[in-house]
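*Asks:* Protein sequence lines correspond, in order, to chains A and B.
If you count the first sequence from 1, position 48 lands on 48 in our numbering, and the numbers rise without skipping.
If you count the second sequence from 1, position 5 lands on 77 in our numbering, and the numbers rise without skipping.
We put the beta carbon where it would ideally sit given N, CA and C, even for glycine.
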Amino acid sequence: MNAPASIIVSLDGQAHAVPAGCSLAALVASLQHQPAAVTTAVNGGFVPRDQRERCVLNEGDAVLLFQPIVGG
Amino acid sequence: MTQASSDTWQVGDVVLSSRFLLGTAGYPSPQVLGDAIVASGTQVVTVGLKRTLAAAGDNGHVAMIRRCMQQQGARLLPNTAGCRTAREAVQLAQMARELYDTPWIKLEVVGDEHTLQPDPFELLQAATQLVREGFTVFPYCTDDLVSCRRLLDAGCPLLMPWGAPIGSGQGLLNPFALRTLRERLPDTVLIVDAGIGAPSHAALALEMGYDAVLLNSAVAQARNPVAMAQAFRLAIEAGRGAWRAGVMAKQDFAVASTPVGGDPFLLGPAA
Numbered sequence: 001m002n003a004p005a006s007i008i009v010s011l012d013g014q015a016h017a018v019p020a021g022c023s024l025a026a027l028v029a030s031l032q033h034q035p036a037a038v039t040t041a042v043n044g045g046f047v048p049r050d051q052r053e054r055c056v057l058n059e060g061d062a063v064l065l066f067q068p069i070v071g072g
Numbered sequence: 073m074t075q076a077s078s079d080t081w082q083v084g085d086v087v088l089s090s091r092f093l094l095g096t097a098g099y100p101s102p103q104v105l106g107d108a109i110v111a112s113g114t115q116v117v118t119v120g121l122k123r124t125l126a127a128a129g130d131n132g133h134v135a136m137i138r139r140c141m142q143q144q145g146a147r148l149l150p151n152t153a154g155c156r157t158a159r160e161a162v163q164l165a166q167m168a169r170e171l172y173d174t175p176w177i178k179l180e181v182v183g184d185e186h187t188l189q190p191d192p193f194e195l196l197q198a199a200t201q202l203v204r205e206g207f208t209v210f211p212y213c214t215d216d217l218v219s220c221r222r223l224l225d226a227g228c229p230l231l232m233p234w235g236a237p238i239g240s241g242q243g244l245l246n247p248f249a250l251r252t253l254r255e256r257l258p259d260t261v262l263i264v265d266a267g268i269g270a271p272s273h274a275a276l277a278l279e280m281g282y283d284a285v286l287l288n289s290a291v292a293q294a295r296n297p298v299a300m301a302q303a304f305r306l307a308i309e310a311g312r313g314a315w316r317a318g319v320m321a322k323q324d325f326a327v328a329s330t331p332v333g334g335d336p337f338l339l340g341p342a343a
């Protein structure tokens with residue numbers, strides 16, 4: 001049985017299709033974000049910028065991207 | 073030399089002269105925010121993190137903050153707003169450090185939805201771990217002396233007790249507890265965070281010996297935020313000046329201020 005061409009991950013709570021074997025770094029790039037413009041977490045755990053390339057996404061992974069915002 | 077340049081305080085090795093830490097949320101426009109930052113004279117502004125999808129409407133506020141920070145040589149203090157557990161707060165702090173490239177973190181772990189009161193237990197747990205990881209933790213805490221001591225024991229270099237619930241503008245609701253903290257922790261940097269609504273509240277905090285205040289809504293929600301930032305700046309400087317000068321002790325009875333020798337009336341009492 002062939003591996004699926006794409007998988008579904010949860011991106012900021014919304015279903016999002018990515019190629020099977022897609023890394024977190026590739027997902028960030030596909031969303032047009034500069035690597036340093038966002039910070040990332042997968043399944044509730046922080047994934048540092050230098051580990052995104054090695055972080056291969058799996059079906060159903062919950063990916064969160066954070067960016068700077070005003071705050072008190 | 074002015075008071076502002078000669079009277080400094082420190083967070084670790086960082087020397088600061090402004091005692092006004094300013095929040096950046098809720099301003100009507102990036103330009104007003106930028107002008108308020110300049111008018112405040114602040115050297116520390118707070119920022120946050122938000123999911124990218126939810127943050128789509130930033131409209132240039134963060135870019136304005138960064139521009140002002142560069143111009144004023146000031147620092148960013150990211151927060152962990154919205155966290156309810158130590159685990160959440162630690163994760164968010166790690167992300168904030170990467171995103172803003174600073175070890176400074178305003179640690180917020182809320183334990184009650186109605187008052188947004190800090191959870192002292194989760195806060196201590198998160199602070200302990202973050203200090204171990206090299207963070208400089210600014211804990212948003214209650215005014216409870218014992219839990220404050222625990223935070224210092226954990227390695228927090230300062231404390232940020234609340235004056236009143238976040239955004240309430242009620243001022244210093246428990247002056248006794250705040251005075252007690254000041255008296256019992258005389259060498260600790262203390263910053264009143266949250267609840268300040270008027271410049272007089274900020275002045276009172278400084279008159280009590282607090283080292284600084286952190287506020288947001290009182291400026292952002294003013295009819296004229298830039299003018300209000302300036303008003304707070306002056307009040308904070310006045311309050312600090314009063315603390316250094318020594319506020320007189322209260323008396324239970326009137327004490328005549330005019331030195332009168334003998335009978336002040338030339339004609340004396342009526343016959």
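Residues of the region 55-71 of chain A in Cβ contact with chain B at a cutoff of 7 Å, in chain order, please.
*Replies:* Taking 7 Å as the Cβ-Cβ cut-off against chain B, the residues of the region 55-71 of chain A that qualify are LEU64, LEU65, PHE66, GLN67, PRO68, ILE69, VAL70 and GLY71.
*Asks:* I need the straight-line Cα distance from GLY313(B) to PHE92(B), nearest angstrom please.
*Replies:* Residue numbering aside, residue 313(B) sits at position 241 when the second sequence is read from its first letter. Residue numbering aside, residue 92(B) sits at position 20 when the second sequence is read from its first letter. Distance between the alpha carbons of GLY313(B) and PHE92(B): 14 Å.
*Asks:* Identify the continuous alpha helix (DSSP H) that holds ASP225(B) and give its terminal residues.
*Replies:* If you number the second sequence from 1, residue 225(B) lands on position 153. Counting along the chain, the alpha helix (DSSP H) containing ASP225(B) begins and ends at 217-225.
*Asks:* Per DSSP, PRO211(B) forms a beta bridge with which residues?
*Replies:* In the second sequence, counting from the first residue as 1, residue 211(B) sits at position 139. The partner list for PRO211(B) (beta bridge, DSSP) reads LEU179(B).
*Asks:* Under three-state DSSP, which class holds LEU11(A)?
*Replies:* Here the question's residue 11(A) lines up with position 11 in the first sequence. LEU11(A) falls in the strand class under three-state DSSP.
*Asks:* I'd like to check one pair, MET141(B) with VAL117(B): are the Cβ atoms closer than 9 Å?
*Replies:* Counting from 1 along the second sequence, the entry for residue 117(B) is found at position 45. Counting from 1 along the second sequence, the entry for residue 141(B) is found at position 69. In contact: VAL117(B) and MET141(B) (Cβ atoms closer than 9 Å).
*Asks:* What are the boundary residues of the alpha helix (DSSP H) that includes PHE304(B)?
*Replies:* Your numbering for residue 304(B) matches position 232 in the second sequence. Run containing PHE304(B): 297-317, per the alpha helix (DSSP H) assignment.
*Asks:* Suppose contacts are defined by Cβ-Cβ distances below 9 Å. Is ALA301(B) in contact with ILE109(B) by that definition?
*Replies:* Numbered from 1 along the second sequence, position 229 holds the residue referred to as residue 301(B). Numbered from 1 along the second sequence, position 37 holds the residue referred to as residue 109(B). In contact: ALA301(B) and ILE109(B) (Cβ atoms closer than 9 Å).
*Asks:* Going by C-alpha distance, which of TYR212(B), SER329(B) and ASP216(B) is nearest LEU286(B)?
*Replies:* Along the second sequence, read from residue 1 onward, the residue named residue 286(B) stands at position 214. Out of TYR212(B), SER329(B) and ASP216(B), TYR212(B) has the C-alpha closest to the C-alpha of LEU286(B).
*Asks:* Measure how close the beta-carbons of GLY106(B) and ARG305(B) come, nearest whole angstrom, since I'm counting them as under 8 Å.
*Replies:* For the purposes of this step, residue 106(B) is identified with residue 34 of the second sequence, where counting begins at 1. For the purposes of this step, residue 305(B) is identified with residue 233 of the second sequence, where counting begins at 1. Not quite, the Cβ-Cβ distance comes to about 15 Å (not below 8 Å), so this is no contact.
*Asks:* Buried or exposed for GLN143(B), please, with buried defined as at least 16 other CB atoms from any protein chain shown within 10 angstroms of its CB.
*Replies:* Numbered from 1 along the second sequence, position 71 holds the residue referred to as residue 143(B). The residue in question, GLN143(B), is exposed, as its Cβ has fewer than 16 Cβ neighbours within 10 Å.
*Asks:* Within the same chain, show all residues whose beta-carbon is closer than 8 Å to that of SER6(A), passing over the 5 residues directly before and after it, in chain order.
*Replies:* Mapped onto the first sequence, residue 6(A) falls at position 6. So the qualifying residues of the chain are ALA17, VAL18, PRO19 and ALA20.
*Asks:* Should HIS133(B) go down as buried or exposed, given a rule of 16 or more other Cβ atoms within 10 Å for buried?
*Replies:* Here the question's residue 133(B) lines up with position 61 in the second sequence. Buried: at least 16 other Cβ atoms inside 10 Å.
*Asks:* Can LEU172(B) and VAL119(B) be called in contact, C-beta distance under 9 Å?
*Replies:* Within the second sequence, residue 172(B) is the residue found at index 100, counting from 1. Within the second sequence, residue 119(B) is the residue found at index 47, counting from 1. The amino acid occupying residue 172(B) in the given sequence is Tyr; Leu does not appear at that position. Yes, Cβ-Cβ distance for TYR172(B) and VAL119(B) is below 9 Å.
*Asks:* 9 Å is my cut-off, CB to CB: does ALA17(A) come that close to chain B?
*Replies:* Position 17 of the first sequence, counting from 1, holds the residue named residue 17(A). False, the Cβ-Cβ gap to chain B never drops below 9 Å.
*Asks:* Just tell me which of VAL9(A), ALA29(A), SER23(A) and PRO4(A) has its CA closest to the CA of ARG54(A).
*Replies:* For this step, residue 54(A) is matched to residue 54 along the first sequence. Of the candidates VAL9(A), ALA29(A), SER23(A) and PRO4(A), the one whose C-alpha sits nearest the C-alpha of ARG54(A) is SER23(A).
*Asks:* Does the distance from the C-beta atom of LEU179(B) to that of THR157(B) stay below 9 Å?
*Replies:* Position 107 of the second sequence holds residue 179(B). Position 85 of the second sequence holds residue 157(B). No, the pair does not count as a contact, with Cβ atoms beyond the cut-off.
*Asks:* Decide if THR96(B) is buried, meaning its Cβ has at least 16 other Cβ atoms within 10 Å, or exposed.
*Replies:* To locate residue 96(B), count along the second sequence from 1; it is residue 24. THR96(B) comes out buried.
*Asks:* State yes or no: is the C-beta of GLN241(B) within less than 9 Å of the C-beta of SER289(B)?
*Replies:* Position 169 of the second sequence holds residue 241(B). Position 217 of the second sequence holds residue 289(B). Position check: residue 241(B) holds Gly in this sequence, whereas Gln was assumed. It is a contact, given that the beta carbons lie within the stated cut-off.
*Asks:* Of all the CB atoms in chain B, is at least one closer than 9 Å to the CB of LEU24(A)?
*Replies:* Here residue 24(A) corresponds to residue number 24 of the first sequence, with the count starting at 1. No, because no Cβ of chain B sits closer than 9 Å to the Cβ of LEU24(A).
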